[in-house]
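First the structure, in the form of structure tokens, and then the observations on it.
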Amino acid sequence: MAEGRPSNRKVLVLPGDGIGPEIMGEVLRVVDFFEKRRIASFEVSEDVVGGAALDTLGTPIGEETMRRAMESDAVLFGAVGGPKWDALPFDKRPELGILRLRKEMDLFANLRPAVVFEALAEASSLKRELVAGLDLMIVRELTGGIYFGEPRGIETLPDGSRRGVNTEVYSEAEIERVLRVGFELARKRGRRLTEVDKANVMESGRLWREVAERVAKDYSDVTLNFMYADNCAMQLVRAPKQFDVVVTSNLFGDILSDCAAMLTGSLGMLPSASLGAPDASGRRRALYEPVHGSAPDIAGRGLANPLAAILSFAMMLRYSFDMSEEADLVELSVRRALKSGARTADLAAARGSPLSTRAMGERILSELEKAA
Ligand code: NAD
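Position in the sequence shown counted from 1, then plus 1, gives you the working numbering.
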């Protein structure tokens with residue numbers, strides 16, 4: 002492991018709103034554990050974002066916070082939003098905090114793993130045999146495509162009727178950089194990459210395929226195949242274990258990653274990473290966050306499942322700091338805690354009374370103690 006390495010890992014923690022501070026509290030206890038056991042150390046600083054930033058700074062994310070995010074090696078993000086800020090005008094919504102971070106940090110590759118923990122295979126909406134052992138990764142392009150393409154808008158035609166326009170647009174460079182993230186990941190996993198598009202009806206999809214074929218020449222150890230997005234949606238619920246890494250555009254990735262997420266059964270278990278381009282020294286900007294939101298319905302009651310946030314921390318170890326052994330340790334502890342029956346209320350409570358956020362954090366720490 003990374004014992005003895007200097008502490009030059011700058012991590013900015015942004016807990017945000019609702020259950021954000023509760024789940025991030027448990028992540029920070031794991032960080033403390035790493036420090037105390039001298040497994041790894043981090044230069045952690047904390048700041049406000051979302052509603053918490055609106056309340057204190059009058060903006061969803063302050064300039065100083067943005068600066069610190071840009072200078073950090075990784076951002077650990079909780080969640081933002083809640084009814085308190087729902088009525089604010091669009092330019093004051095808490096969600097703008099995360100949108101601005103993604104945009105200014107140029108986080109173009111969104112990694113969404115869908116892993117079914119053995120102990121939770123029953124929680125999936127699919128049959129156990131279809132999902133047990135599932136471990137796939139969806140890489141969604143996050144900063145281009147139809148959500149940003151021009152022209153866009155709603156226009157009024159000469160006859161008075163209206164027309165809505167959005168444009169799917171991708172440059173070769175945008176396609177190539179996200180494909181490379183996919184190929185690199187596949188190389189470290191099962192060496193299979195599926196590029197998903199609608200090349201049968203969209204020219205941009207044809208370009209994705211051409212670029213993928215060219216880039217694949219640099220990754221002869223990875224098997225590349227192509228799939229249409231509609232077929233991929235079908236295959237994800239028919240036989241999800243056929244996939245290793247899937248790379249796709251912003252729009253298809255948005256839909257397919259939610260579909261894959263549900264194979265695993267619970268929102269409280271899903272981590273994510275968003276990565277930028279590597280600079281000359283190989284360092285890339287990165288943000289790690291649970292897939293779920295701020296869950297205002299359970300906030301402040303100790304009911305939140307902290308595992309998605311803890312697994313996001315494991316992704317940070319793996320992808321920002323190349324600490325795969327330490328990431329394995331965290332994931333193993335989650336697996337063992339679940340196997341021993343640890344469940345928060347969102348995960349089937351049939352096995353006795355559910356654990357609080359804090360108690361689940363304790364179980365992870367005790368598994369870490371045993372395994373480290
Ligand atoms: P949500 O993900 O917050 O909650 C959906 C449901 O899942 C709720 O019933 C909630 O209690 C439950 N849930 C979510 N996370 C959980 C956890 N860790 N443990 C146990 N249960 C959990 O989605 P929503 O209700 O649609 O949105 C609530 C707020 O969160 C909104 O303001 C929304 O804009 C915001 N949001 C923020 C982000 C983000 O910060 N990236 C993402 C999605 C939604």
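Where is the CB? At the ideal position from N, CA and C, for every residue including glycine.
For residue j and residue i, believed in contact at Cβ under 8 Å, the rounded distance
{"i": "Leu358", "j": "Ala278", "result": "The residue you asked about is not Leu; residue 358 is Thr in the sequence shown. That belief does not hold up - the Cβ atoms of Thr358 and Ala278 are roughly 35 Å apart, past 8 Å."}
{"i": "Leu180", "j": "Met138", "result": "Not a contact, Cβ separation roughly 14 Å."}
{"i": "Ser273", "j": "Gly21", "result": "About 15 Å; that fails the 8 Å criterion."}
{"i": "Ser341", "j": "Leu369", "result": "Actually they do not touch by this definition, with Cβ atoms about 13 Å apart."}
{"i": "Val212", "j": "Glu185", "result": "With 8 Å as the limit, Val212 and Glu185 do not qualify as a contact, their Cβ atoms being about 15 Å apart."}
{"i": "Ile365", "j": "Ile311", "result": "6 Å"}
{"i": "Leu252", "j": "Gly146", "result": "6 Å"}
{"i": "Ala124", "j": "Gly266", "result": "3 Å"}
{"i": "Val12", "j": "Glu44", "result": "7 Å"}
{"i": "Trp209", "j": "Asp222", "result": "Trp209 to Asp222, Cβ: 21 Å. No contact."}
{"i": "Pro291", "j": "Ile24", "result": "7 Å"}
{"i": "Leu15", "j": "Asp48", "result": "6 Å"}
Whether residue i touches residue j by CB criterion (8 Å)
{"i": "Ala261", "j": "Pro241", "result": "yes"}
{"i": "Leu308", "j": "Met361", "result": "yes"}
{"i": "Phe109", "j": "Glu142", "result": "yes"}
{"i": "Ala80", "j": "Gly17", "result": "yes"}
{"i": "Val32", "j": "Leu127", "result": "no"}
{"i": "Leu257", "j": "Ala234", "result": "yes"}
{"i": "Ile131", "j": "Val116", "result": "Ile is not the amino acid found at residue 131; the sequence shown has Leu there. Result no, Cβ atoms of Leu131 and Val116 do not sit closer than 8 Å."}
{"i": "Arg38", "j": "Ala372", "result": "no"}
{"i": "Val388", "j": "Val140", "result": "Because the chain is modelled from 2 through 373, residue 388 falls outside the range shown and cannot be assessed."}
{"i": "Asp245", "j": "Ala187", "result": "yes"}
Residue i - containing beta strand (DSSP E), residue span
{"i": "Thr249", "result": "246 to 249"}
{"i": "Leu288", "result": "285 to 291"}
{"i": "Glu47", "result": "44 to 47"}
{"i": "Thr66", "result": "Thr66 -> not in any beta strand (DSSP E); alpha helix (DSSP H) instead, spanning 64 to 72."}
Proximity test, residue i beta-carbon vs the ligand NAD heavy atom, cut-off 7 Å
{"i": "Val14", "result": "no"}
{"i": "Ser295", "result": "yes"}
{"i": "Asn306", "result": "yes"}
{"i": "Glu105", "result": "no"}
{"i": "Thr345", "result": "yes"}
{"i": "Glu290", "result": "yes"}
{"i": "Val81", "result": "yes"}
{"i": "Glu96", "result": "yes"}
Terminal residues of the alpha helix (DSSP H) in which residue i lies
{"i": "Ala328", "result": "325 to 340"}
{"i": "Lys377", "result": "Given a span of 2 to 373 for the chain in the structure shown, any question on residue 377 remains unanswerable."}
{"i": "Leu112", "result": "Here Leu112 belongs to no alpha helix (DSSP H); instead the beta strand (DSSP E) covers 110 to 116."}
{"i": "Val179", "result": "173 to 189"}
The ligand MG heavy atom lying under 7 Å from the CB of residue i
{"i": "Ile299", "result": "By its list of ligands, the structure shown excludes the ligand MG, since it contains just the ligand NAD."}
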